[in-house]
Amino acid sequence: MLGRGIMAAAALACALFSTTTARAQQTLEAIKARGQLVCGIGTGVAGFGLPDSRGVWQGMDVDLCRGLAVAIFNDPAKVRFVPLSSSTRFTALGAGEVDVLFRTSTQTMLRDVTLGLRHVVTYFYDGHGFIVRAGSVAKVSEMRDATICLVQGTTNEQVTADYFRSINTPFRPVLFERTDQAAAALQAGRCDSFGTDASQLAGVRSTMPKPADWTILPERFSKEPYGAYIRRDDQQWFDVVRWYTTALIEAEEQGVTQANAEEMRRTSTNPNTRRLLGVTPELGEALKLDRAWAYNIIRAMGNYGEIYDRSWGPETQINLPRGPNELWTRGGLVYALPMR
Ligand SMILES: N[C@@H](CCC(=O)N[C@@H](CS)C(=O)NCC(=O)O)C(=O)O
């Protein structure tokens with residue numbers, strides 16, 4: 001009797017496992033059937049994702065979404081952007097409202113292990129900082145009893161609390177749902193400082209009426225390595241998102257650019273370049289994508305450095321030096337695992 005019960009339970013668990021895994025494994029197929037990638041982005045921060053005067057989203061996270069659409073459809077327009085606040089982003093992904101998050105999301109152990117999600121490859125290295133009115137304070141430790149604007153659902157809440165507790169100094173947090181609300185409160189004098197990832201502070205500062213009135217203090221209080229997020233147990237989609245992000249970096253490492261990709265594909269004798277650009281088919285076949293997937297991405301969006309510069313480079317309002325987001329060959333942390 002007991003034997004039969006256990007057998008039935010085992011059969012049920014196995015059926016459940018196979019259906020959930022089967023369902024989880026279907027993101028890429030679902031996207032292909034839908035004819036469009038659905039990408040979770042931020043609610044609006046210059047540099048990562050902000051609509052321009054024509055209402056077209058511009059920024060690094062947005063471009064990374066477009067590049068992924070090229071990997072699948074060879075068309076950067078086959079993507080729908082879903083702006084998500086920090087506190088709703090992971091629930092929306094878990095519920096299947098979006099296929100992937102490229103949304104200033106720090107990769108942490110607890111997020112990776114406890115949310116039923118998975119983060120995939122670091123595409124941007126950042127750290128927590130504070131912006132203050134120019135000349136108000138020189139160091140964060142001077143902000144005793146300060147009112148600090150923070151965005152709900154971010155790592156920045158904990159980082160700020162951890163730091164002030166560590167120096168035994170009281171502060172008053174003021175929480176907001178979105179970045180623009182926190183930035184407006186700062187400028188309206190409702191808080192003495194705004195604490196978040198330094199690149200986002202640079203983005204926010206670049207859109208202020210008088211950026212020179214504001215200082216991003218030099219200290220950094222955490223590591224905030226951003227990765228794309230997907231649902232757990234979807235190995236095929238994990239592979240696609242992982243090696244897509246890596247291909248952008250590999251292209252820069254190999255000197256393949258938006259301008260020279262076509263010529264490199266025709267003339268390069270470097271086996272790694274020939275593999276990357278689909279002269280030989282093995283990389284595309286392994287991912288069940290077109291053999292020219294990486295070539296198409298670089299032609300449409302550029303390599304990692306070109307995507308970075310389009311949003312943060314010297315030609316932009318923000319002009320954020322690459323720093324840790326420089327290639328490892330130039331003293332940064334950006335490194336592509338071997339694509340072979
Ligand atoms: N990297 C941190 C913070 C990321 C974050 O979401 N920052 C806020 C600003 S403080 C945000 O919403 N940024 C994107 C947006 O508003 O578009 C995290 O993963 O929790």
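Numbering (the UniProt record's numbering), first residue to last: 1 to 340. Note that the Cβ used here is the ideal one computed from N, Cα and C, for glycine as well.
Cβ contact annotation for residue 241 (same chain, cutoff 8 angstroms, sequence separation greater than five): 68, 100, 120, 121, 228 and 230, in chain order.
Inside the region 109-169, DSSP marks whole alpha helix (DSSP H) runs of 4 or more residues at positions 109-114 and 155-166, from first to last along the chain. Where residue 196 is concerned, the enclosing beta strand (DSSP E) starts and stops at 193-197.
Counted as a single uninterrupted DSSP element, the beta strand (DSSP E) harbouring residue 228 occupies residues 224-231.
With respect to residue 87, residue 152 sits close: the two C-beta atoms are nearer than 9 angstroms.
Residue 41 is bridged by DSSP to 83. Beta-bridge annotation (DSSP): residue 214 is paired with 133. Of the residues assessed, residue 141 falls on the exposed side of the cut-off, its CB having fewer than 16 other CB atoms within 10 angstroms. At least one heavy atom of ligand 1 falls within 8 angstroms of the beta-carbon of residue 85.
Taking residue 131 as the centre and dropping the five residues before and after it, the same chain places the C-beta of 194, 201, 214 and 216 closer than 6 angstroms to its C-beta, in chain order. Using a C-beta cut-off of 8 angstroms, the region 323-335 makes no contact with the region 280-287, since fewer than three inter-stretch Cβ pairs fall below that distance.
Counted as a single uninterrupted DSSP element, the beta strand (DSSP E) harbouring residue 175 occupies residues 172-176. Linking residue 117 to residue 94 through their CA atoms gives a straight-line distance of about 7 angstroms. For residue 48, there is no enclosing alpha helix (DSSP H), since its DSSP letter is neither H nor E. Counting only runs of at least 4 residues, the region 243-285 fully encloses the following alpha helix (DSSP H) elements, listed from N- to C-terminal order: 261-267 and 271-276. Here residue 64 is buried. Its C-beta has 16 or more other C-beta atoms within 10 Å. Just so you know, the alpha carbons of residue 127 and residue 223 end up roughly 5 angstroms apart.
Between the region 300-317 and the region 266-277 there are fewer than three C-beta pairs closer than 8 angstroms, too few to call the two in contact.
Residue 221: not part of any alpha helix (DSSP H); DSSP gives it neither H nor E. If you check the CB distance, residue 104 and residue 56 do not come in under 9 angstroms. Inclusion of residue 251 and residue 318 in the CB contact set at 9 angstroms is not warranted, their separation being larger than that value. Looking at the backbone, the Cα of residue 156 and that of residue 226 are separated by about 13 angstroms. The beta carbon of residue 336 lies closer than 6 angstroms to those of 246, 249, 250 and 253 in the same chain, with the five residues before and after it left out. Beta-bridge analysis with DSSP links residue 100 to 39. Check the Cα spacing between residue 33 and each of 60, 165, 73 and 265: the tightest is with 73. Residue 199 is positioned such that its CB atom lies closer than 9 angstroms to that of residue 47.
The C-alpha of residue 62 lies about 9 angstroms from the C-alpha of residue 42. Residue pairing by DSSP places residue 68 opposite no residue, since no beta bridge is assigned to it.
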